[in-house]
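Please read the structure below before turning to the comments.
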Amino acid sequence: MKIYFGTYTKRSSEGVYVADFDATTGELSNLELLIKENNPTYLAFAKDGSLYTVGATEAGGGIAAYDANYQLLNHVVEEGAPLCYVSVDEDRGLVYGANYHKGQVLVYKRQADGSLVLADQVTHVGSGPHENQASAHAHYADLTPDKYLVACDLGCDKVLTYTVDAEGKLAPLASYQSTPGAGPRHLAFHPTAKIAYLMCELNSTVEVLIYDGLGQFELLQTISTLPEDHTGFNGTAAIRVSNDGKFVYTSNRGHDSIAVFKVLGDATLELVEIVSSQGKTPRDFILSPDNQFLIAAHQDSDNVTVFSRNVENGKLTEISHDFQVPEAVCVLF
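Written out as structure tokens, the structure is:
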């Protein structure tokens, strides 16, 4: 089985890497450079094998499109920083992006060959009380279960939803205001319950949100991702829900750990354990397709940790932490 890594290319990395993952033992092997690209910090595959990555050229930052053979199709860039998040809308033939530095959500139309054309963009406005919230910072743009576009904005503490027409044009639908200074980063939906789990980076919490549809979110619970005695810096990063909807996992950068939560009957969360990620800055992690393993990539220590996962109680047991991937910030099967 192949596993893909998006990276920063500030030190030794050259782009997107691929490795072999043994789905029986959890062993990683055979790291190879797949694509040379500037700072491909987030990746998304389309069903036809096209790969969309954060990308940049001398003309600016944005997104890059590659075909199923990993040949470059095109870049769509503008002056300034590139995107930080990419997702694919198969039904509409669109790709979505979030630009942290510009506070923008962007929509690209997929062409017949898989290349991209900019279809629409919106720029968020607002700020928050935290020092990292001087302006809007879009960090996530993906689909709700009922196919609206939802964006998390870390800078103005909002989750914004949009309608999307067939050509990719956006129209505002609804807005959820998170706790001031929380810094909404990523969103993960429960597979069956009408619930979404909002990863808040700046105050290290998960906000459990009721999602009744039509872009409307309502706060149900707020729970910390940290032990009570932690006083140092922390910024949360990734959030994943197990396929059976029974457990939620989050990563802590600073505390450098994975928090494990049990999903209770009302879909609220109960902390099970917080385990060391065995590296520095676990920017992203993923559950293997069968959910038997959790694979965490570290931005600052260049190593990948593999945990086996107990499907009954959600707990993690480290298998290895010595597989090297430079500057990894995104993991994808």
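The sequence shown begins at 0 in numbering that gives the first Met the number 0 and counts up one residue at a time.
Built from N, CA and C at the ideal position, the CB exists for glycine as well.
Keep in mind the model is a prediction, meaning the values are calculated, not measured.
- One alpha carbon belongs to Ala22, the other to Val121, and they sit about 41 Å apart.
- When DSSP states are grouped into helix, strand and coil, Gln110 belongs to the coil group.
- With a beta-carbon spacing of about 14 Å, Leu201 and Gly231 fall beyond the 8 Å limit used to define contacts.
- Taking 9 Å as the cut-off, the beta carbon of Met198 is found no closer than this to the beta carbon of Ala150.
- Among the bridge pairs identified by DSSP, Phe292 is matched with Ser307.
- With contacts defined by Cβ atoms closer than 9 Å, Gly14 and Ala64 do not form a contacting pair.
- Tyr51 and Leu42 have their alpha carbons spaced roughly 6 Å apart.
- Nearest in C-alpha terms to Ile285, of all of Val94, Asn242, Ala266, Val158, is Asn242.
- Under the 10 Å beta carbon count, Ser11 is surrounded by fewer than 16 other beta carbons and is classified as exposed.
- Only residues of its own chain outside the window of five on either side were considered, and among them Phe260, Lys261, Leu263 have a CB closer than 7 Å to the CB of Glu269, listed in chain order.
- In the DSSP assignment, Asn251 forms a beta bridge with Thr235, Ser256.
- Taking Glu166 as reference, the option from Pro190, Leu159, Leu105, His254 with the minimal CA-CA separation is Leu105.
- Residue pairing from DSSP places Gln220 in a beta bridge opposite Val207.
- With contacts defined by Cβ atoms closer than 9 Å, Leu186 and Pro171 do not form a contacting pair.
- The segment 317-324 and the segment 57-77 do not touch, with fewer than 3 CB-CB distances between them shorter than 8 Å.
- For Cys83, no beta strand (DSSP E) segment is defined, and its DSSP state is neither H nor E.
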